[in-house]
Amino acid sequence: MTPLLAARGAGRRFGKTSALEPVELEIWDGDAVALVGPNGAGKSTLLALLAGALEPSMGRVERRKGVRVGWAPQRPAQYGRLSARENLEFFARLEGEHDARAVAERLLADFELPGEPAPSANLSVGNRQRLNLAISLLGSPDVLLLDEPTAALDPAQRARLWERAAALREAGGAIVFATQNLEEVERVADRVAVLRDGRLVFAGTQDEYDRLQDESLSA
Amino acid sequence: MSRVLLLLRKDLLVLRRSPLLLGILLAYPLAIAVLVGLVASYGSSKPRVAFVDEDNLPSTLVLGGNRFHVDRTINAVSKNVKLVRLSADEAARELRNGRVVAVVTVPPGFIATLRGMVHSPQLELQLSTGTISSRVEQQVQALVYSLNRQLQRAYIASNLRYVTLILQGGDGSFLGAPITVLGIEKAQALLRSMPPTARTRTLLDFLHDARLALAHTGDALRSTAHPIELVRAPGRGRSQLLSASVEAYALGLTITFLALMIAAGSLAAERDENVVGRLGRGLVGLGQLVWSKVALAAAVALALGLAIALSFGLIIQIGGVTGGEPWRRLPLLLLGLALAGGSLGALGALLGALAREARSASLVALLVVMPIVFLGLIPAEVVPPAGWASDALPFAHSVRFFRSSLYDLSPWGEVARQGLWLLGGIFGGLARVGARRLLV
């Protein structure tokens, strides 16, 4: 049995700057892995490497055969001059959805996105983030990689997102999410990876992470 | 639908949402093409030439009984060059500093030599170095040609008066000295009044032949003066503004501008929109992304180039001029527009990949367009290095393709050569390599 997704010594440099030192991380069926750490720790780079959006400068990323990955970067990745519907239809076709229109229609309704032909650049920050998340769900992914997904969402939308994540895990999928929200870590994650200055400094279960925090506090 | 076509469709939709941008992108190069055409036309037709008169030319001159208006003749030349009367010193200084491109000097004694009608007087011409001097030399040669034609008429008339004097006899002058000539006719009459002998018959035969020959002297002199005469035929060609070259350059310039800007801007915009990573994770390869921009540039070039060519064709048709109407060679022109748009789009994609941000890419494309176009406008035979540089870029090849496909009687050789160059895809390959920068 192989993990759904694994970073095998995967790291990334931008010129002379190291954004992420080699990382070992495995994502298994049903996992909910939280990536935590201060800004610039390398969380987004690790997610981009796992998503295949960036090529690792060293090491490799392995994906179990047939596994599909959805990715929602921290900054929404969509075309500002296209409407929400057009964005969804465009990416649905690229993902190979048979009925791109129907899929787009369903996601518009699920994420309560406006259906009018206004450019998505005119949407509110929250709606742009919803569209970003909706696009990441195209192609029925088995692993969902979410970079600070709830930062611009209202409480109801947050709840709906985590319900969706839970359903994915129950179906044998996994989620990996970067967050600064410790409450979300506690509520959603069963494993935690801590990054600092581009290095993976801790990887363990939620309980192990809690103990680490208690020790840090007592120290 | 292939991924490249999906991206192309998306880009066309985005472009349709920006009518102002599209309008500016179309109007700007057309305006530049017209301005360049006007400047080039003005620059080539009115070089500034100094005129130094060291012989105090009179305003009118009588030669061989004919009156010449010297001022009018000089003014006629001013239609082609701007003649400015200067002293010899001023003219020399202005030639050195480039304010005039040539100096025409009338040396002392010019009129006296002319009046003598024995030796040819000389005009002196000094030229600057550089590309325009050959054209100025042609203009001054045209001035001398015009003067010579007028003088030839006077010389022929004067010579014919001597012939008439020889034929009919009477009083005249030669080199200022009065002369009295018996004349052939009177000599014949005199010989006929004498008793006929073998010697008088021989003289009469000679005089008869001489009279016949001299009777044709006028025609002979005129044809000797003008072995070939240029006669302006009736009929109309195109105006300079609608000439074949201007049409090909207008098409080339517009497409170069559009293709470079659109391909560079749209590729860099993928990074600005933060979608390169999303596309790059297995949905669309970088090569496909680059080729979609090449296809976008080709599609825009095809549509707008065709509109420009048809507009030219309509204007030409309305003007009643035949030859070069685009509908005769439409398939060939369409092929050329697509190839040129694609090749220039590949160069634009390379710029977009290198610049990475849409604003920077547009600025870089704008900065690159002008040198590319101006290099293509400089004739290779005048500045060979400019020709070599231009040959390495798609603009000159596009213009040659358009010119040949629209106007050459047998365009296939030239069209095949230029088409193969445009199809080469060297810039597409470089853009594909450069596109990796978009992921950083």
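Chains as they are written, first to last, in the working numbering: chain E, 377 to 595; chain Y, 1000 to 1439. Quick reminder that beta carbons are idealized off the backbone N, C-alpha and C, glycines included. Nothing here was measured: the structure is a model prediction, and the numbers come from that model.
Find out if the Cβ-Cβ distance for the pair Y/A1337, Y/K1292 is shorter than 8 Å.
Translated into positions along the second sequence, residue 1337 of chain Y becomes position 338. Translated into positions along the second sequence, residue 1292 of chain Y becomes position 293. No, the Cβ-Cβ distance between Y/A1337 and Y/K1292 is not below 8 Å.
Just the chain E side, please: which residues come within less than 9 Å of Y/R1016 by C-beta, in chain order?
Locating residue 1016 of chain Y in the second sequence gives position 17, where the first residue counts as 1. Within 9 Å Cβ-Cβ: R457, L458 and P495.
8 Å Cβ cut-off: residues of chain E touching Y/E1356:
One-based indexing of the second sequence puts residue 1356 of chain Y at position 357. By Cβ distance, chain E contributes nothing, its closest Cβ being about 14 Å from Y/E1356, past 8 Å.
E/R384 and E/E473 closer than 8 Å at C-beta:
As a working note, residue 384 of chain E is residue 8 in the first sequence. As a working note, residue 473 of chain E is residue 97 in the first sequence. Contact: no.
Pairwise C-alpha distance: Y/L1288 and E/G467:
Translated into the one-based positions of the first sequence, residue 467 of chain E becomes position 91. Translated into the one-based positions of the second sequence, residue 1288 of chain Y becomes position 289. Gly is not the amino acid found at residue 467 of chain E; the sequence shown has Phe there. Rounded to whole angstroms, E/F467 to Y/L1288 spans 14 Å at the Cα level.
E/E438 CB to nearest chain Y CB: under 8 Å?
Within the first sequence, the letter at position 62 stands for residue 438 of chain E. Output row for E/E438: interface = no.
Of all the CB atoms in chain Y, is at least one closer than 8 Å to the CB of E/A410?
Counting from one through the first sequence, the residue named residue 410 of chain E turns up at place 34. Chain Y places no beta carbon closer than 8 Å to that of E/A410, leaving this residue out of the contacts.
In whole angstroms, what separates the C-alpha of Y/R1221 from that of Y/L1126?
The sequence position of residue 1221 of chain Y within the second sequence is 222, counting from 1. The sequence position of residue 1126 of chain Y within the second sequence is 127, counting from 1. Each residue's Cα considered, the two are about 33 Å apart.
Straight-line Cα distance separating Y/W1326 from Y/A1306:
Here residue 1306 of chain Y corresponds to residue number 307 of the second sequence, with the count starting at 1. Here residue 1326 of chain Y corresponds to residue number 327 of the second sequence, with the count starting at 1. Their Cα atoms are separated by approximately 12 Å.
Distance, Cα to Cα, Y/S1058 vs Y/V1102?
The sequence position of residue 1058 of chain Y within the second sequence is 59, counting from 1. The sequence position of residue 1102 of chain Y within the second sequence is 103, counting from 1. Each residue's Cα considered, the two are about 20 Å apart.
Alpha carbon of Y/V1275 to alpha carbon of Y/N1096, nearest angstrom:
On the second sequence, position 276 is the one that residue 1275 of chain Y refers to. On the second sequence, position 97 is the one that residue 1096 of chain Y refers to. Their backbone Cα atoms lie some 56 Å apart in a straight line.
Interface flag, Y/E1380 vs chain E, CB-CB below 8 Å
Along the second sequence, one-based indexing puts residue 1380 of chain Y at 381. The C-beta of Y/E1380 comes no closer than 8 Å to any C-beta of chain E.
List, in chain order, every chain Y residue whose beta-carbon is nearer than 9 Å to that of E/R451.
In the first sequence, counting from the first residue as 1, residue 451 of chain E sits at position 75. N1273, listed in chain order.
Below-8 Å beta-carbon distance, Y/V1432 vs any chain E residue
Reading the second sequence from its first residue, position 433 is the one you call residue 1432 of chain Y. For Y/V1432, not one C-beta of chain E is nearer than 8 Å to its own C-beta.
Using 8 Å for Cβ pairs, my map puts Y/P1046 next to Y/V1083. What's the rounded Cβ distance?
Counting from one through the second sequence, the residue named residue 1046 of chain Y turns up at place 47. Counting from one through the second sequence, the residue named residue 1083 of chain Y turns up at place 84. No, Y/P1046 and Y/V1083 are not in contact; Cβ-Cβ is about 11 Å, not under 8 Å.
Check whether the region 1339-1350 of chain Y touches the region 1244-1260 of chain Y, counting contact only when three or more Cβ pairs, one atom from each stretch, lie closer than 8 Å.
yes
Is there a Cβ of chain E sitting closer than 8 Å to that of Y/V1283, yes or no?
By one-based count along the second sequence, residue 1283 of chain Y stands at place 284. It does: the Cβ of Y/V1283 has a partner Cβ on chain E nearer than 8 Å.
Within the continuous alpha helix (DSSP H) that includes Y/F1311, where are the two ends?
For the purposes of this step, residue 1311 of chain Y is taken as residue 312 along the second sequence, with counting starting at 1. Segment L1285 to I1317, the alpha helix (DSSP H) holding Y/F1311.
Is it the case that the Cβ atoms of Y/P1107 and Y/E1053 are separated by a distance below 8 Å?
As a first step, residue 1107 of chain Y is located in the second sequence; it is residue number 108 there, counting from the start. As a first step, residue 1053 of chain Y is located in the second sequence; it is residue number 54 there, counting from the start. Contact: yes.
Using a Cβ-Cβ distance under 8 Å, would Y/K1081 count as near chain E?
Here residue 1081 of chain Y corresponds to residue number 82 of the second sequence, with the count starting at 1. So, not an interface residue.
For the region 433-450 of chain E against the region 1000-1013 of chain Y, do three or more pairs of beta-carbon atoms, one drawn from each stretch, fall closer than 8 Å, so that the two count as touching?
no
Can you say whether Y/Y1248 is buried or exposed, counting buried as having 16 or more other CB atoms within 10 angstroms of its CB?
One-based indexing of the second sequence puts residue 1248 of chain Y at position 249. The residue in question, Y/Y1248, is buried, as its Cβ has 16 or more Cβ neighbours within 10 Å.
Name the chain E residues that come within less than 8 Å of Y/L1005, Cβ to Cβ?
Numbered from its first residue, the second sequence carries residue 1005 of chain Y at position 6. The contacting residues are F466, R469 and L470.
By the criterion of Cβ-Cβ separation under 8 Å, what are the contact partners of Y/V1013 in chain E?
For the purposes of this step, residue 1013 of chain Y is identified with residue 14 of the second sequence, where counting begins at 1. Y455, R457 and L458, listed in chain order.
Bridge partners of Y/H1118, per DSSP?
Here residue 1118 of chain Y refers to the residue found at position 119 when the second sequence is read from its first residue. Answer by DSSP bridge pairing: none, since Y/H1118 is not bridged.
In chain Y, what lies closer than 7 Å to E/G428 by C-beta?
Counted from its first residue, the first sequence places residue 428 of chain E at position 52. Going along chain Y in sequence order, the residues near E/G428 (Cβ under 7 Å) are R1280 and G1281.
Taking all protein chains shown into account, decide if E/N503 is buried (16 or more other Cβ within 10 angstroms of its Cβ) or exposed.
Position 127 of the first sequence, counted from the first residue, corresponds to residue 503 of chain E. By the neighbour-count rule (16 or more Cβ atoms within 10 Å), E/N503 is buried.
Simplified DSSP assignment, three categories, for E/A383
The sequence position of residue 383 of chain E within the first sequence is 7, counting from 1. Strand at E/A383.
Which residue wins for smallest C-alpha separation from Y/L1343, given the options Y/A1091, Y/V1368, Y/E1272 and Y/G1171?
Along the second sequence, read from residue 1 onward, the residue named residue 1343 of chain Y stands at position 344. Residue Y/V1368 is the option with its Cα nearest to Y/L1343.
Limits of the unbroken beta strand (DSSP E) element including E/W447:
One-based indexing of the first sequence puts residue 447 of chain E at position 71. Annotation for E/W447: the continuous beta strand (DSSP E) segment containing it runs V445 to A448.
Rank E/A395, E/F390, E/M434 and E/A382 by C-alpha distance to the C-alpha of E/V409 and give the top, closest one.
For this step, residue 409 of chain E is matched to residue 33 along the first sequence. Out of E/A395, E/F390, E/M434 and E/A382, E/A382 has the C-alpha closest to the C-alpha of E/V409.
Proximity of Y/L1252 and Y/I1110 at Cβ, strictly below 8 Å
Your numbering for residue 1252 of chain Y matches position 253 in the second sequence. Your numbering for residue 1110 of chain Y matches position 111 in the second sequence. Not in contact: Y/L1252 and Y/I1110 (Cβ atoms no closer than 8 Å).
Check this for me: beta carbons of Y/A1360 and Y/A1267, under 8 Å apart or not?
Taking the second sequence and counting its residues from 1, one reaches residue 1360 of chain Y at position 361. Taking the second sequence and counting its residues from 1, one reaches residue 1267 of chain Y at position 268. Yes, these two residues count as a Cβ contact at 8 Å.
Give me the DSSP bridge partner(s) of Y/A1176.
Locating residue 1176 of chain Y in the second sequence gives position 177, counting from the first residue. Beta-bridge pairing links Y/A1176 to Y/F1173.
Can you say whether E/Y585 is buried or exposed, counting buried as having 16 or more other CB atoms within 10 angstroms of its CB?
Taking the first residue of the first sequence as position 1, residue 585 of chain E is located at position 209. Under this definition E/Y585 is a buried residue.
Limits of the unbroken beta strand (DSSP E) element including E/I551
Locating residue 551 of chain E in the first sequence gives position 175, where the first residue counts as 1. That run of the beta strand (DSSP E) goes A550 to A554.
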